[in-house]
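Here's the structure we're looking at; comments come further down.
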Amino acid sequence: MSGHADHRSLVVFTSLAIAGAGLVSASAYFELMHGLACPEATAAGAVLLAAGLAVSLSHLGRKGRAGLAARGAGRSALSHEALLAGLALGAAVVAAGLGLRGAPSPIATAAAGVVNTAFLVSIGLVYRVRGQRTWRGCSAATPLTGGLAFGAIALQPLAVPGGVFTATLLIIAIDALLFSRRWRAVAGIAWPEAVPANPWMIRRTQLLAARFFLLDVMPLILLAVSPTFLAALVAAAGLVVDRFGFYALAAQHTTEYEVAAVEMQIAALDPPAQD
Amino acid sequence: MSGAGFLLDLHRCVGCGACVLACRIENGRVETAAWRRVLPLNLRRRPSGPTYFLSVACHHCDEPACLTGCPSGAYEKRADGIVVHHEDLCLGCRYCEMTCPFSAPQYDEAKGVMSKCHLCAHRVDAGRLPACVAACPTEALQFLTAAAVPPDGAGDRVPGFADPAGCGPALRFLPPAGARRSVLFRSLEEALKR
Chain A
560 MSGHADHRSL VVFTSLAIAG AGLVSASAYF ELMHGLACPE ATAAGAVLLA AGLAVSLSHL
620 GRKGRAGLAA RGAGRSALSH EALLAGLALG AAVVAAGLGL RGAPSPIATA AAGVVNTAFL
680 VSIGLVYRVR GQRTWRGCSA ATPLTGGLAF GAIALQPLAV PGGVFTATLL IIAIDALLFS
740 RRWRAVAGIA WPEAVPANPW MIRRTQLLAA RFFLLDVMPL ILLAVSPTFL AALVAAAGLV
800 VDRFGFYALA AQHTTEYEVA AVEMQIAALD PPAQD
Chain B
235 MSGAGFLLDL HRCVGCGACV LACRIENGRV ETAAWRRVLP LNLRRRPSGP TYFLSVACHH
295 CDEPACLTGC PSGAYEKRAD GIVVHHEDLC LGCRYCEMTC PFSAPQYDEA KGVMSKCHLC
355 AHRVDAGRLP ACVAACPTEA LQFLTAAAVP PDGAGDRVPG FADPAGCGPA LRFLPPAGAR
415 RSVLFRSLEE ALKR
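For the protein sequence lines, the chains are A and B, in the order given. Those letters in the first sequence? Residues 560 to 834, by my numbering. Those letters in the second sequence? Residues 235 to 428, by my numbering.
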């Protein structure tokens with residue numbers, strides 16, 4: 560992706576969608592595994608998801624053709640994401656609706672959890688593009704782990720201490736582990752290669768550190784002190800920073816990049832200057 | 235290379251940009267981003283490296299990343315290997331811009347859709363050469379049909395050009411000739427291998 564492309568709508572879309580699907584998935588998991596039923600959380604997740612999908616339309620040059628996005632099913636990762644987004648929203652609405660009416664269905668809850676988790680996986684797979692140098696490896700898993708971490712953190716104020724807190728710690732730990740690997744991969748890209756194509760690379764350490772502390776470290780500290788909604792707000796900010804950093808640190812391996820690398824090589828071949 | 239594509243003779247290309255201009259005029263892209271561009275190598279004329287020009291556009295890959303990624307099926311690889319883009323099916327999602335490692339698809343702000351080099355399919359179908367090839371004054375840029383056999387010495391890799399996504403671009407290069415340029419070229423290739 561070129562450095563000048565406008566990614567604002569993608570940042571907003573994926574932040575909202577990941578937060579929504581993460582909340583629905585975590586809510587379903589806690590309901591089925593720990594008996595923590597919270598249809599309000601599922602409903603909130605559905606609202607976030609719906610808002611994200613609405614924003615995603617603004618990214619399209621031809622919004623009226625959005626329905627064509629399903630034509631690539633079986634081939635295009637983006638088609639899979641679009642289809643799963645619709646299914647995730649539908650399943651979340653059904654599960655939340657049944658729960659709010661006082662007739663919760665474990666099957667509907669499980670379906671919402673599974674489909675929303677699959678949607679989070681599909682978001683990661685969309686960006687597993689071979690020509691992108693900073694979207695490789697663990698980057699494909701961070702929408703899933705980040706979304707689940709946000710969902711679990713947001714549900715903590717409703718839970719009693721015990722298994723739910725342990726599960727939340729585990730999710731945060733997995734997210735921190737995977738993100739630290741992404742951090743290492745992005746930090747490993749040599750400066751002179753990355754800077755001309757993407758000025759955000761200069762501040763990549765601050766950007767990656769902000770995401771790590773906001774989504775993993777700070778919520779953990781806040782939850783350990785007292786499970787309040789403040790932790791969820793901080794984690795939400797972390798999700799936004801995560802998505803911003805994801806797009807801002809895109810570094811595509813283009814022919815221009817390759818030419819720049821060869822220019823550096825030619826410079827290195829130059830004989831040392833004679834005094 | 236299983237379909238139509240280009241052959242670029244690095245010895246003959248002088249970086250004049252006639253191919254870019256011809257492409258712009260032929261395809262009505264005078265004020266929008268060009269589909270073809272010329273990238274100079276060894277721009278600072280360092281004495282240790284060869285100077286040559288890479289004239290690049292869409293490479294009509296064997297396995298086009300744009301086609302695989304497109305959610306709406308706007309890309310089509312024809313039987314002769316030319317990868318064409320159908321504007322009427324394009325969402326303007328710009329995903330092909332992310333997937334193509336050669337920056338071939340360009341976003342058209344006015345139309346809200348992507349566009350890219352179609353190897354002048356309309357000219358090829360009429361038995362003519364693509365506009366960029368026809369305009370090249372040194373015959374450095376040549377058209378290779380699906381049935382054509384690239385000349386001896388033509389390779390698919392050259393310093394400054396990589397296929398990081400394994401797309402199989404239908405672009406072949408003839409290395410710079412001449413004693414000094416070929417020695418510099420080979421020394422650069424060796425240095426990059428190390």
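Ideal Cβ placement from N, Cα and C applies to all residues, glycine included.
Tell me which residue opens and which closes the alpha helix (DSSP H) that residue i is part of.
i: H639 of chain A; result: A636 to L659
i: V570 of chain A; result: R567 to H593
i: R763 of chain A; result: R763 to F771
i: F419 of chain B; result: A413 to K427
i: Y686 of chain A; result: First-last for Y686 of chain A: undefined, no H or E at that position.
i: H618 of chain A; result: P598 to H618
i: F709 of chain A; result: T701 to L714
i: D429 of chain B; result: With chain B covering 235 to 428 only, the question about residue 429 of chain B has no answer from this structure.
i: L828 of chain A; result: T814 to L828
Can a CB atom of chain B be found closer than 9 Å to the CB of residue i?
i: A636 of chain A; result: yes
i: G840 of chain A; result: What is shown of chain A runs 560 to 834, which leaves residue 840 of chain A out entirely.
i: L828 of chain A; result: yes
i: G620 of chain A; result: yes
i: V821 of chain A; result: yes
i: L627 of chain A; result: yes
i: I731 of chain A; result: no
i: I577 of chain A; result: no
i: A809 of chain A; result: yes
i: R624 of chain A; result: yes
i: F572 of chain A; result: no
i: D834 of chain A; result: At D834 of chain A, the pLDDT of 47 sits below 50, so the modelled position is not reliable; the number obtained from the coordinates is stated separately. False, the Cβ-Cβ gap to chain B never drops below 9 Å.
At 7 Å on the CB atoms, spell out the chain A contacts of residue i, in chain order.
i: A399 of chain B; result: R689 and G690
i: V318 of chain B; result: Under the 7 Å cutoff, chain A gives no residues; its nearest Cβ is about 16 Å from V318 of chain B.
i: P371 of chain B; result: Residues of chain A passing the Cβ test: none, with the nearest at roughly 23 Å.
i: P393 of chain B; result: V821
i: G262 of chain B; result: Result: empty, since nearest Cβ-Cβ is about 19 Å, beyond 7 Å.
i: G249 of chain B; result: By Cβ distance, chain A contributes nothing, its closest Cβ being about 13 Å from G249 of chain B, past 7 Å.
i: Y440 of chain B; result: Residue 440 of chain B lies beyond the residue range present for chain B, which begins at 235 and ends at 428; the question has no answer from this structure.
Kindly say whether residue i, judged by its beta-carbon, lies nearer than 9 Å to any beta-carbon of chain A.
i: C351 of chain B; result: no
i: K345 of chain B; result: yes
i: F336 of chain B; result: yes
i: G389 of chain B; result: no
i: T333 of chain B; result: yes
i: A425 of chain B; result: yes
Could you tell me which chain A residues have their CB closer than 8 Å to the CB of residue i, listed as they occur along the chain?
i: A396 of chain B; result: H812, T814 and E817
i: T302 of chain B; result: R634 and S635
i: C354 of chain B; result: Ordered by position in chain A, no residue passes the 8 Å Cβ test against C354 of chain B, which lies about 21 Å from the chain.
i: A299 of chain B; result: V688, R689 and G690
i: L273 of chain B; result: T814, E815 and V818
Closer than 8 Å by beta-carbon distance: list the chain B residues that pair up with residue i, in chain order.
i: R630 of chain A; result: P305, S306, G307 and L323
i: A641 of chain A; result: P305
Let me confirm a value: residue i is counted as buried when at least 16 other C-beta atoms fall within 10 Å, else exposed. Which label applies?
i: E343 of chain B; result: exposed
i: Q340 of chain B; result: buried
i: A267 of chain B; result: exposed
i: V264 of chain B; result: exposed
i: I682 of chain A; result: buried
i: M348 of chain B; result: buried
i: H566 of chain A; result: buried
Thinking just about the alpha-carbon of each residue, which of the options is nearest to the one in residue i?
i: I761 of chain A; options: A:A794, A:A807 and A:S664; result: A:A807
i: A411 of chain B; options: B:G249, B:W269, B:Y286 and B:V254; result: B:Y286
i: T764 of chain A; options: A:A795, A:S785, A:D801 and A:F788; result: A:D801
i: A810 of chain A; options: A:F772, A:L773, A:V793 and A:V745; result: A:V745
i: A651 of chain A; options: A:P598, A:S785, A:G626 and A:G623; result: A:P598
i: G690 of chain A; options: B:R279, B:G303 and B:A374; result: B:G303
i: G394 of chain B; options: A:T693, A:E815 and A:G579; result: A:E815
Could you give the residue range of the beta strand (DSSP E) that holds residue i?
i: E310 of chain B; result: Y309 to K311
i: L275 of chain B; result: R271 to L275
i: M348 of chain B; result: V347 to S349
i: G797 of chain A; result: Run containing G797 of chain A: none in the beta strand (DSSP E); it sits in the alpha helix (DSSP H), F788 to A807.
i: R406 of chain B; result: L405 to L408
i: L241 of chain B; result: G239 to D243
Check the Cβ of residue i against every Cβ in chain A and list those closer than 9 Å, keeping chain order.
i: S289 of chain B; result: Those within 9 Å of S289 of chain B in chain A number zero; the least Cβ separation is about 11 Å.
i: G326 of chain B; result: H618, L619, G620, R621, K622 and R624
Just to make sure I have the definition right: I need the residues of chain B whose C-beta is within less than 7 Å of the C-beta of residue i. Which are they?
i: I825 of chain A; result: N276, R280, S282, G283 and L422
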